[in-house]
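Residue numbers for the sequence shown follow numbering that gives the first Met the number 0, beginning at 0 and rising by one.
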Amino acid sequence: MSTTEETLKPNIVLISASDLENEIKQLEEKIKQVNDNNNIEFEKIKSELDKLHTLTGWLNIAKSQGIWKSKTCRYVNNDSCSAWSISEPEKLGIPQDAIVIAENGSKKVIVAKFPELCITCPLYEPKKI
């Protein structure tokens with residue numbers, strides 16, 4: 000028989016039913032293990048998402064307080080905070096479009112665009128009526 004004929008000859012391997020059964024059981028165990036690991040990872044991710052959801056809620060409350068303070072503070076003139084001068088706004092995460100340069104060259108925050116500055120401001124005082 001030539002080598003071509005040998006390679007074209009079908010390869011038949013006999014496997015016992017018990018060997019197949021064992022292989023199937025091993026595969027089932029691996030699948031169960033992968034599924035269990037996925038469930039554990041899913042629960043961890045879900046827990047982290049729940050925490051993020053809670054934190055986002057608190058941040059929204061804080062932001063609404065900042066907006067309220069920015070509208071009622073005596074130090075806000077023409078939508079800008081006159082109480083604070085910010086030398087390096089980019090280091091504080093304040094966007095450039097929320098900064099205005101005052102006549103004296105100081106950088107002031109336009110709190111109408113960035114009310115987050117007002118959230119915990121220790122200088123807040125309500126406007127006098």
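All C-beta atoms, glycine included, are put in the ideal place defined by N, C-alpha and C.
With distances taken Cα to Cα, identify the nearest neighbour of L91 among S81, K107, N103.
Out of S81, K107, N103, K107 has the C-alpha closest to the C-alpha of L91.
If I109 sits next to I100, beta carbons under 8 Å apart, how far is it from one beta carbon to the other, in whole angstroms?
No, I109 and I100 are not in contact; Cβ-Cβ is about 11 Å, not under 8 Å.
What residue range is occupied by the uninterrupted alpha helix (DSSP H) comprising V110?
V110 -> no alpha helix (DSSP H), and no H or E assigned at all.
In this structure, what does DSSP give as the bridge partners for V75?
Its beta-bridge partners are C80.
What do you get for F113, buried or exposed, if any count of 16 or more other CB atoms within 10 angstroms of its CB means buried?
Buried is the call here.
In terms of alpha-carbon separation, which member of G65, L116, S63, C72 lies closest to S84?
It is L116 whose Cα lies nearest to the Cα of S84.
Ignoring anything shorter than 4 residues, give me the alpha helix (DSSP H) runs that lie fully in the stretch 6–54, in order along the chain.
DSSP runs (the alpha helix (DSSP H)) wholly in the stretch 6–54: none.
Is S69 buried or exposed, if buried means 16 or more other CB atoms sit within 10 Å of its CB?
So S69 counts as buried.
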